[in-house]
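**Student:** One point on numbering: in our numbering, the residue at position 206 of the sequence shown is 239, and numbering is uninterrupted.
To start, I am sharing the structure in question, which I have written as structure tokens.
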Amino acid sequence: MKLEAVCFDIDGTLYPKWQTSLYLLPSLFPSPFLAIKYQMFRRGIRRNPDEGGEAQSHAEFLEKQATLMGSSVERVERQFYKKWRSSFKKIKAYPQVRETFEWLKGLSLKVAILSDFPIEEKLTTLGVADLVDFAICSEQSGYLKPHPKPFLEVSQALGVDPSAILYVGDSYSKDIEGANGVGMYSALIGSGKKRGATFTFSDYNEFKKKFENYFCKGERC
34 MKLEAVCFDI DGTLYPKWQT SLYLLPSLFP SPFLAIKYQM FRRGIRRNPD
84 EGGEAQSHAE FLEKQATLMG SSVERVERQF YKKWRSSFKK IKAYPQVRET
134 FEWLKGLSLK VAILSDFPIE EKLTTLGVAD LVDFAICSEQ SGYLKPHPKP
184 FLEVSQALGV DPSAILYVGD SYSKDIEGAN GVGMYSALIG SGKKRGATFT
234 FSDYNEFKKK FENYFCKGER C
């Protein structure tokens, strides 16, 4: 089947991971203990997605998250999500990200975004919002990557079969295994090779070269 869409993760994929770590620091306060609980919840829910009951919506996910953290939706919102809206306005994209999106659109491909963290204004800050056909935070599906549901939400929203989508991310366990699990192609940004990814790349110039080698097959891209 011919490729019809490319879907990207954001944090660590469209901009450097160190920026993510830097701008997450304010959310350690006022309660470092709550921050630890947040991380424990995220790790636990990836291992056992239906712990605390199945979440059918973003609201149900946030309620389950707060309950399993022993907190409230409002408190979690104040310490984490509210601060991130301000902090992540400072992120800077990797070189050639916008040019890569423009290139993909020039190939008549749909471009989508799937991120575990709230998207908010990130796409505008990164300068690609006008090139994205669909964007979703995995929490909106009620699950986190690598659960199949957020990946399938992208497929459904685009009207494209998973087998005609390439997913691009920086985490092997969340992005590559999640995409492969629903039958998508997968590309991993980072050094070294990882079995299971369709291809790996270190920067977006290399992404275009690897993409051409794999998907164009002698045809002009």
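Glycine residues also receive a C-beta, built at the ideal position from the N, C-alpha and C atoms.
Counting pairs of beta carbons, one from the segment 114-122 and one from the segment 230-238, are three or more of them closer than 8 Å?
**Tutor:** no
**Student:** Which residues share a DSSP beta bridge with V39?
**Tutor:** Taking the sequence shown and counting its residues from 1, one reaches residue 39 at position 6. The partner list for V39 (beta bridge, DSSP) reads V144, L199.
**Student:** Which residue or residues does DSSP assign as beta-bridge partners of L221?
**Tutor:** Stepping through the sequence shown from its first residue, residue 221 is reached at position 188. Per DSSP, G202, T233.
**Student:** By how many angstroms is the C-alpha of P151 removed from the C-alpha of D44?
**Tutor:** Start at 1 with the first residue of the sequence shown, and residue 44 comes out as number 11. Start at 1 with the first residue of the sequence shown, and residue 151 comes out as number 118. Distance between the alpha carbons of D44 and P151: 10 Å.
**Student:** Distance, Cα to Cα, Q112 vs L61?
**Tutor:** Locating residue 112 in the sequence shown gives position 79, where the first residue counts as 1. Locating residue 61 in the sequence shown gives position 28, where the first residue counts as 1. So the two alpha carbons sit approximately 8 Å from each other.
**Student:** Sort A168, V215, K155 by Cα distance to T53 and report the nearest one.
**Tutor:** Position 20 of the sequence shown, counted from the start, is the residue given in the question as residue 53. For T53, the nearest C-alpha among the options comes from K155.
**Student:** According to DSSP, is D149 helix, strand or coil?
**Tutor:** The residue given as residue 149 occupies position 116 in the sequence shown. Residue state, collapsed to three classes: coil.
**Student:** Nearest by alpha-carbon distance to Y237: which of G192, K138, Q129, D83 is it?
**Tutor:** Within the sequence shown, numbered from 1, the residue matching residue 237 stands at position 204. Comparing Cα-Cα distances from Y237 to each of G192, K138, Q129, D83, the minimum goes to Q129.
**Student:** Taking Cβ positions, are S219 and I209 nearer each other than 7 Å?
**Tutor:** Position 186 of the sequence shown, counted from the start, is the residue given in the question as residue 219. Position 176 of the sequence shown, counted from the start, is the residue given in the question as residue 209. Yes, they are a contact pair.
**Student:** In three-state terms, what does DSSP make of A190?
**Tutor:** Residue numbering aside, residue 190 sits at position 157 when the sequence shown is read from its first letter. In the structure shown, A190 sits in a helix (DSSP, three-state: H, G or I).
**Student:** Can F94 and G214 be called in contact, C-beta distance under 7 Å?
**Tutor:** As a first step, residue 94 is located in the sequence shown; it is residue number 61 there, counting from the start. As a first step, residue 214 is located in the sequence shown; it is residue number 181 there, counting from the start. Contact: no.
**Student:** Ignoring anything shorter than 3 residues or poking outside the segment 34-101, list the beta strand (DSSP E) runs there in chain order.
**Tutor:** 38-41
**Student:** Looking only at its chain, what residues have a beta carbon closer than 8 Å to the beta carbon of F167, apart from the 5 residues adjacent to it on each side?
**Tutor:** On the sequence shown, residue 167 is found 134 positions in, with the first residue counted as 1. Excluding sequence neighbours, F167 sits near K143, A145, I146, V187, A190, L191.
**Student:** State the Cα-Cα distance for the pair E84 and R75, rounded to the nearest angstrom.
**Tutor:** Position 51 of the sequence shown holds residue 84. Position 42 of the sequence shown holds residue 75. Those two C-alpha atoms are separated by around 11 Å.
**Student:** Compare the C-alpha of Y56 against each of G86, W117, H91, V109 and name the closest.
**Tutor:** Counting from one through the sequence shown, the residue named residue 56 turns up at place 23. Answer by Cα proximity: W117.
**Student:** Using a 10 Å radius around the Cβ and a threshold of 16 neighbouring Cβ atoms, would you call G139 buried or exposed?
**Tutor:** On the sequence shown, position 106 is the one that residue 139 refers to. It counts as exposed.
**Student:** What does the alpha-carbon distance come out to for the pair S64 and Y71?
**Tutor:** Translated into the one-based positions of the sequence shown, residue 64 becomes position 31. Translated into the one-based positions of the sequence shown, residue 71 becomes position 38. If you take the alpha carbons of S64 and Y71, they lie about 11 Å apart.
**Student:** Suppose contacts are defined by Cβ-Cβ distances below 7 Å. Is F134 in contact with L159 by that definition?
**Tutor:** For the purposes of this step, residue 134 is identified with residue 101 of the sequence shown, where counting begins at 1. For the purposes of this step, residue 159 is identified with residue 126 of the sequence shown, where counting begins at 1. No, the pair does not count as a contact, with Cβ atoms beyond the cut-off.
**Student:** Is it buried or exposed, A126, if we count other Cβ atoms within 10 angstroms and call 16 or more buried?
**Tutor:** Counted from its first residue, the sequence shown places residue 126 at position 93. Flag for A126 reads buried.
**Student:** Just how far apart, CA to CA, sit E132 and T100?
**Tutor:** Along the sequence shown, one-based indexing puts residue 132 at 99. Along the sequence shown, one-based indexing puts residue 100 at 67. In a straight line, the C-alpha of E132 is about 43 Å away from that of T100.
**Student:** Classify I124 as helix, strand or coil using the three-state DSSP reduction.
**Tutor:** The sequence position of residue 124 within the sequence shown is 91, counting from 1. I124 falls in the coil class under three-state DSSP.
**Student:** Skipping 5 residues on each side, what residues in its chain have a beta carbon closer than 6 Å to that of V161?
**Tutor:** What you label residue 161 is simply residue 128 of the sequence shown in a count that begins at 1. Counting only Cβ-Cβ distances below 6 Å, and skipping sequence neighbours, we find R131, F134.
**Student:** Keeping to the same chain, check which residues put their C-beta closer than 7 Å to that of Q98; ignore five residues upstream and five downstream.
**Tutor:** Position 65 of the sequence shown holds residue 98. Closer than 7 Å at Cβ, skipping near neighbours: F74, V109.
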